[in-house]
Structures are given as structure tokens and as C-alpha cells.
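Note that the protein sequences, when read in sequence, are chains B and C. Numbered per the numbering used here, the first sequence spans residues 1 to 97. Numbered per the numbering used here, the second sequence spans residues 98 to 830. Here a beta-carbon is modelled for each residue, glycine too, at the ideal position from N, C-alpha and C. The structure displayed is predicted, hence computed values, not measured ones.
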Amino acid sequence: MLAESLFFSAVLFSIGVIGVLTRRNAIIVFMCVELMLNAVNLTFVAFARVYGAGGQVFVFLVMTVAAAEAAVGLAIIIALFRHRHTVDLQNINLLKG
Amino acid sequence: MLIQSAASAGTNPLAGTAAGWMWAIPLLPLLGFLINGLVALTSAAHFGPADPTAASHAAHGDDDGAGHGDAHAAHASTRHRFAAVTSIVGPGVLVAAFLLAAAAFLAMRAVPDLSAPFVQRYFSWMPVGDLSVDVAFRLDQLSMVMVLVVTGVGMLIHIFSVGYMREDPGYPRYFAYLNLFVFFMLVLVLGANYPLLFIGWEGVGLCSYLLIGFWFSEKANADAGKKAFIVNRIGDFGFLIAMFLLFANYGTLDFSALQAQAGAFVFGGPLITAIALFFFLGCTGKSAQIPLYIWLPDAMAGPTPVSALIHAATMVTAGVYLIARSNFIFAAAPVAGLTVIVVGALTAFFAATIGLKQWDIKKVLAYSTVSQLGYMFVGVGAGAYVAGIFHLMTHAFFKALLFLGAGSVIHVMHEAYHHTHRHDDAQDMRNMGGLRKHMKVTWILMWIATLAISGIPPFSGFFSKDEILGTLFSRADGSTLAQAHWLGLPGTVVIYGAYALGLAAALLTAIYMTRLMLYTFHGPNRTGEQERAHLHEAPWVMTGPLVVLGILAAVGGWFNLPEIVTRALPLGPTGLLEHWLDPVVGAGTARVVGSGGEVAAGTEGLLIAVAVAIAVSGIAIAVTVLKPARLVPKAQASPEQGFERVLNNKYYVDEIYDAAVVRPTYDVSRNLLWRGIDTGLIDGLLVNGSAWLARLTGWIGSQFQSGQLGTYAWVLVLGVLLVLGAFHHSVLP
Numbered sequence: 001m002l003a004e005s006l007f008f009s010a011v012l013f014s015i016g017v018i019g020v021l022t023r024r025n026a027i028i029v030f031m032c033v034e035l036m037l038n039a040v041n042l043t044f045v046a047f048a049r050v051y052g053a054g055g056q057v058f059v060f061l062v063m064t065v066a067a068a069e070a071a072v073g074l075a076i077i078i079a080l081f082r083h084r085h086t087v088d089l090q091n092i093n094l095l096k097g
Numbered sequence: 098m099l100i101q102s103a104a105s106a107g108t109n110p111l112a113g114t115a116a117g118w119m120w121a122i123p124l125l126p127l128l129g130f131l132i133n134g135l136v137a138l139t140s141a142a143h144f145g146p147a148d149p150t151a152a153s154h155a156a157h158g159d160d161d162g163a164g165h166g167d168a169h170a171a172h173a174s175t176r177h178r179f180a181a182v183t184s185i186v187g188p189g190v191l192v193a194a195f196l197l198a199a200a201a202f203l204a205m206r207a208v209p210d211l212s213a214p215f216v217q218r219y220f221s222w223m224p225v226g227d228l229s230v231d232v233a234f235r236l237d238q239l240s241m242v243m244v245l246v247v248t249g250v251g252m253l254i255h256i257f258s259v260g261y262m263r264e265d266p267g268y269p270r271y272f273a274y275l276n277l278f279v280f281f282m283l284v285l286v287l288g289a290n291y292p293l294l295f296i297g298w299e300g301v302g303l304c305s306y307l308l309i310g311f312w313f314s315e316k317a318n319a320d321a322g323k324k325a326f327i328v329n330r331i332g333d334f335g336f337l338i339a340m341f342l343l344f345a346n347y348g349t350l351d352f353s354a355l356q357a358q359a360g361a362f363v364f365g366g367p368l369i370t371a372i373a374l375f376f377f378l379g380c381t382g383k384s385a386q387i388p389l390y391i392w393l394p395d396a397m398a399g400p401t402p403v404s405a406l407i408h409a410a411t412m413v414t415a416g417v418y419l420i421a422r423s424n425f426i427f428a429a430a431p432v433a434g435l436t437v438i439v440v441g442a443l444t445a446f447f448a449a450t451i452g453l454k455q456w457d458i459k460k461v462l463a464y465s466t467v468s469q470l471g472y473m474f475v476g477v478g479a480g481a482y483v484a485g486i487f488h489l490m491t492h493a494f495f496k497a498l499l500f501l502g503a504g505s506v507i508h509v510m511h512e513a514y515h516h517t518h519r520h521d522d523a524q525d526m527r528n529m530g531g532l533r534k535h536m537k538v539t540w541i542l543m544w545i546a547t548l549a550i551s552g553i554p555p556f557s558g559f560f561s562k563d564e565i566l567g568t569l570f571s572r573a574d575g576s577t578l579a580q581a582h583w584l585g586l587p588g589t590v591v592i593y594g595a596y597a598l599g600l601a602a603a604l605l606t607a608i609y610m611t612r613l614m615l616y617t618f619h620g621p622n623r624t625g626e627q628e629r630a631h632l633h634e635a636p637w638v639m640t641g642p643l644v645v646l647g648i649l650a651a652v653g654g655w656f657n658l659p660e661i662v663t664r665a666l667p668l669g670p671t672g673l674l675e676h677w678l679d680p681v682v683g684a685g686t687a688r689v690v691g692s693g694g695e696v697a698a699g700t701e702g703l704l705i706a707v708a709v710a711i712a713v714s715g716i717a718i719a720v721t722v723l724k725p726a727r728l729v730p731k732a733q734a735s736p737e738q739g740f741e742r743v744l745n746n747k748y749y750v751d752e753i754y755d756a757a758v759v760r761p762t763y764d765v766s767r768n769l770l771w772r773g774i775d776t777g778l779i780d781g782l783l784v785n786g787s788a789w790l791a792r793l794t795g796w797i798g799s800q801f802q803s804g805q806l807g808t809y810a811w812v813l814v815l816g817v818l819l820v821l822g823a824f825h826h827s828v829l830p
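Pasting the structure below:
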């Protein structure tokens, strides 16, 4: 049971990573990040069934942070869109050195 | 006084006598320097700088840059307003110092059989590790003679300077430098160890530089000062190396302590020979010997009393003093002694040939000084320290007299030109002639000095020069010098060769000095019709010191009469100076003499007869060959031809040095050191190169900051994978 859960969460995490690496749309990248967070959540829960409830506490923490992050992240994306009329990450290189 | 320390009190019979005041002898001129220096500064605050340009010097300039520095004496309108203070203080401190020195001398004479030097230790100067150098003065028979010469001749020249320089706007500055010079010269001769002697040695060099370039607004004068300073640095390098070697091997630099170790010196060993030779390198610089003599003729750019005091009577003889002071070193190094003899003899001859064909009256005297210094080195090199010091003393008398006489002539010539507003060379002998009618006192006195320097008995130069040559001759047999080899040549051969050169130089000396006298004082006058009316004798303040020097130049030989003379004529005590200096140099002389001895009385008489015959024939040759009547003034003179031209151009030695040393140095400095190392390596590669490197790495780093989130994410993921992979490998084998 644990192995299957871990495998599933690993697949989810990899999908998230690939999404972050390959997609250009900021919203999709953002959602892929959420996917990775939730893959980790699944891992926590799976381990919690074997090793005790400590992992579940962590899941609540991650969900709280993810909610806050979603609020801030979406706000940034909206502000960006208003400013530039695009959410394509290739057109946004404000961090260039 | 607090510096009357207890270290020496009560041990030496001189403590508590007038000699105990010897610290005041150098301090008096230092006081004079301070006062005159302040006076010179005061005027600058009110009248603008005491700059020679203020003397409307350009109006009196002519084309002979270095030669006519003396064209200054008469400008009544620019006389310094505090000149009276300087006239009293400047010579006054020297008179006081001389009286003090004379009192110390009398105190020394009063002590029977004084053998130990009287050392006054004032304070510890350099107590560093094993090295301990005190500021201490050492009064012994040798330094007493030097102090008397320096203060005595110095005093006369200071008095003469009052007449010669009074009208110069830089008068207080001049006396400040001159007093400072005497201070350093006294430190040089009184210092009880090599470092203190070196302080004096450098100090007199500084004053020499300042006084050569006294009229610095003319580039030639400033250049002459620089030349003297730089050439002397080469010699000072040798002095320093010798001191380092002494300290490294014997652990002390004190004269007494070193002399106590003299028995331990390996006789003729490489170390002691090297030390002696390095010291001699210092002497060639300071005392103008081959190959470093070139600065002294140029040093004539300074005022003439400076030439008399510094560049004839005192400073340039410092090298002779140094060797006499280091006699225990040179006596143990016969090869070094032979080197000194060879260099001295060559210089004596070489400089005398140049002196034959110079037209500038001061240049003749300058080469004559170089030549006479060569004689002194032959003396001290041969271990005849007494003879060397004796010639130093008599030379101080007659050469100071010659220079001051020349100064009177130049002063008068310049005044005459000044009256008629003519711009001509006041130092060129072709413009003089027949001056004996106008300057009788100077004429007679300069003839005395000429006879003295030529070696005509009974004038002083005869005794001292003859003693040098006679002692040199006697060293050819049995002495340690004769047994040594110099560059493969037996010492005896070297000594006979040097003796022959010395005789030849004596002949040339008589010729060029007679030539100077004939062209300056005899024959028709070539100064000019209008100028002739203004020729007159110099004022008493200038002729007075000349008379005193004339007496000394005439009878100075009395100080060290040879036995062969006193046996025949009851003139006075035999070998006064020899007995006086015996405690200092006696052991060194004895070591050099070895198994040799005096020459037989008959041979000695023959040598004297030969020397006198040579001197007389030199004068006779000059009188018969030279025709002052045929000489034309400088402006109409045609250039010399053939060998005369080579002599007139001083064998082109300056040009050779320029091509061989100065230009390559310039080229290396300019192209390698400046353009190559400084601009190229330091500025280019190191300074700008490191800036460029920092900018490059910054640029490379900035290229990673593309701003593309995708790239960042890739790098992040790859990094994580890398870390995980490494973790996997290390933790899970």
C-alpha cells in the first residue's frame, strides 16, 4: 500500500516538475507548483499511516502555506497581466542581471 | 653641560682641560648655520625669496654656463638688509671654533706622551641587537690636525667670503651653507666611529651640492651640483658596503674597538682587502680620483671661496683622512695599498695633463686639485700616512691661497666688466694678462703658492711632495707592498712605475701652474681698453686672508722637516708632524714598512735633487715655450687643433661617460623601467589587468542571470538531481 502511494505521489511530483520546466503560461506553471506540493502532501499522508500522525500535521501546514501562496501568486499574476497584457514567462525577464 | 658624560671623565689626561670642550667646536658653526639660516628666511618673508634671479643675473650672463658663476660680486642695490648680521656671525663662529681648537691643541701639547685618544661619549645612537653605535667624538693627534686645518683655513676663507659675497642677495644663505659645511666637516673628522664619520661624509656632500648649485637659477650650475651629488653616491655605496663587511665580520664600527682587533686581521686576506677596496671606492668619489673625479671640475660652478674651502682644502681631502684613519685596515691589505698608489699616481698624472690646456682659471686649479689629491693617495696608499696628511695640510694652504687669489682676480675682472657693461668671460685667462700691475699683492702671493705647489724649496709643497715621493721610493724595497703582487705585477715594479708617474706629474704641475701665472699676471693686458681703468687690487678683507695663507704656504714645510735638511741647516725640529701623528698611524706605518727601511742619505739627496730639478725645469719650460704676448682674447681665439684639442676637451671623458653610462641608464630607465615595467607591467598588467579580470568574471556571472524562469527552474532541478545523486552515492553504497 505504501509503495503504491509513494509511486503515485512520485509520478504526480514528476508531472509537476515537468510542467514547471516546460510550460510557458504562468498560471499553468503555478498550478504545477501546487501539484508538486500536493504530491508531497500525499507522501506525508502515506508515511503517516505507517509511522504515526506527525506527518498529517505537516500536511495541514503545507495546505495553509499553499493557500496563502495561491492568494499571493495569483495576485502577482493578475498584476503582471494588467501591466504587460501577457502571462507568457518567456516575455517576462525582469530578473535579468 | 649634560653631554659632558661621565664615561670619559677622569680616565684621560685631557678630560677637564680645554679639550673637554671639543663638543663645542662643531656646535659653533651649527649655531652660525641656524642664525644665518633664520636671517635668510626672514628676508624671504619681506622681500620675496632670496633668489639669484633677483640679482639681474641674466643681464650679466654669458654663454659659458658653468664657468662664470662668479659673475655676481657687485650689485650694491641688491645687498641683503641683514648682511651686517651675517658678516659678524658667519666668520665669527669660525673664529671662535678655531680659538677653541687652538686651546684644545695647546692642552694636548701640554700632556707628555699622550697615546690614548680622548673619546667623549654623548649618547647611544643605534643600540640595535648586536650593533651599538654611540654619538661620540674622538680627539686624537690626527683629528686634532684636521680640526686645526678645517677651522683655520675655513676661518680665513669665511673672512675672504665677506668681501667676495657681501653684495650677493643670497649672502645669508651662502653663509648658512658654509657654516653647515664646517659643522659636518668637523663631525667627519671628530666622529669616533664609522657611522658618525659617514654622517659627516654625507653632510659635507649635501653642503657641497647646495653650494655648487648656489646660483641655481642657471641650469648649468644646478646640473653641476646634481652631478657632484650623484657621482658621490657611487662612492658612498662602497663606503656602506665596507661598513657592512666590517660589522658583519668584526661586530663593531668603533675606531678604537676595531684597532684593538687589528692583530686578528688576516694579513692580505680577501676580506680585509675587500673592505679596504670598498673604502677606497668611497674615497674615489669624495676625493675625486679616477674614475669618479669628473664631478670636481664641474663643481667650480659654485662661488670661488666654496671651491677653495670645500673643493680644494677640506672636503675633497676627506678620503685621505679616511685612509689615514683606517690605517690599521690598509696596512693589513697590501694589494689595496698598491691599488691606492696606482689610482693616485694615474690620477695625479692624468689630471695634470688636462690642466695644461684649460683656459678657465678655476678649471686649471680644479684639475690641479685632482692631481694633488692623487699625490696624497699615493702617500697614504704607500703607508706614508704622515706624508699624506702633511701634503693634505700644505695643499690646504697653497691651494686655498690659489683659489682665493683666483677669486680676487675674478672679482676684479667682473667688476671691471660690470663698470663698462661688457659681457665677457671673467674667468678665462685669455681675457686677463698683465694683472700684476694692478694687483701686486695677489700677484706676489699667488707666485708663492705656485712655487709651493711646484715643489720649489723652501716652500711648503716641496717638503710634503718630496716626502711622499721619497717614501714611495723607499717602499720599493723590502716593504710588504713590494712583496705583494698587483694584477700579476710585482709590487716593486708598480711602485717604481707610480714613482715615475709622480715625477712626470710634478713636471706637468710646474708647467701648468707657471702657465696660469704667466697668462694671468704677465704679458700685455687683454681685458680691454676701457676695462683696464677699473682693474685694481681687491679690498683688505680679501687680501688679508691671502697674506696669512701666503705665509703658511711659504713656511708650512717647517711642520715636518726631513732629517736630511735639519742635519744640514738648523731650521727647526725634525719631523714635527711625524712625531705628533705617531700614536695614531705609527703602528700602521710600521706594518707596511715591514723589513724595508729608509733609503740611504745619499740616495735621498739624489732623489730630492731630481725632484727639484724637475720642478725648476717645468717652470723653465713654461717660461720659454709659452708666449703670453701672442695670446688673443677669448672672443677672437681660434679653436685648438690635434692633441691640444683633446686636452682642452678633457680627453672627452665626460662624453665617454655620457655615452657609456648616462645614456644607457636613460634608455633603460625610459624604455625598460618606465615604458616596460612601470607603464606596461605595473600599470598595464597588474593594476588595469586585475580590474579587467574582475570585470570579466562579473560579466560571465551576469550572463547566467537571463531572467528566464524556465532556465532557472532547469538549473534548480538539475542541481537537486546532482545533490541527490551525490547523496545516493555517498550514503547508499
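Enclosing beta strand (DSSP E) for residue i [first to last residue]
i, result
"C/M223", "215-225"
"C/V230", "228-236"
Outcome for residue i when other beta-carbon atoms lying within 10 angstroms are tallied against a minimum of 16
i, result
"B/Q90", "exposed"
"C/V461", "buried"
"C/Y291", "buried"
"C/Q733", "exposed"
"B/A26", "buried"
"C/H157", "Annotation note: pLDDT 39 at C/H157 (below 50); position unreliable, coordinate value reported separately. Burial call: buried."
"C/Q802", "exposed"
"C/W392", "buried"
"C/H408", "buried"
"C/N318", "buried"
Chain-ordered neighbours of residue i on chain B, where CB pairs are closer than 8 Å
i, result
"C/L793", "What C/L793 touches in chain B: nothing, since even the nearest Cβ is about 15 Å away."
Same chain, Cβ closer than 7 Å to residue i, five either side skipped, listed in chain order
i, result
"C/F280", "P123, P126, L127, F130"
"C/L196", "none"
"C/V192", "M252"
"C/T114", "A204"
"C/A601", "F446"
Contact list for residue i against chain B, beta-carbon separation under 9 Å
i, result
"C/S803", "N93, L95, K96, G97"
"C/W811", "L21"
8 Å Cβ shell around residue i - same chain, five flanking residues per side excluded
i, result
"B/F8", "L42"
"C/T414", "S384, L470, M473, L489, H492, A493"
"C/S258", "G187, P188, Y271, F272, L275, P400, P402"
"C/K731", "W456, D521, D522, D525, R527, N528"
"C/S692", "G575, S576"
Neighbour list for residue i in chain B, Cβ cutoff strictly below 7 Å
i, result
"C/V814", "V17, L21"
"C/L806", "L89"
Limits of the unbroken alpha helix (DSSP H) element including residue i
i, result
"C/A602", "588-618"
"C/Y514", "482-517"
"B/T86", "First-last for B/T86: undefined, no H or E at that position."
"C/V682", "673-690"
"C/N746", "Careful: C/N746 lies outside any alpha helix (DSSP H) and carries neither H nor E."
"C/D320", "316-347"
"C/P431", "431-452"
"C/E695", "Run containing C/E695: none; DSSP gives neither H nor E here."
"C/E264", "C/E264 -> no alpha helix (DSSP H), and no H or E assigned at all."
Cut-off 6 Å between Cβ atoms - residues of its own chain near residue i, not counting five sequence neighbours on either side
i, result
"C/F307", "Note on identity: in this sequence residue 307 of chain C is Leu, with Phe being the wrong assignment. Closer than 6 Å at Cβ, skipping near neighbours: Y274."
"B/R23", "V29"
Open item on the list: For the segment 75-92 of chain B, list every residue whose C-beta sits within 9 Å of some C-beta in chain C, in sequence order.
Closed with: L89, Q90, I92
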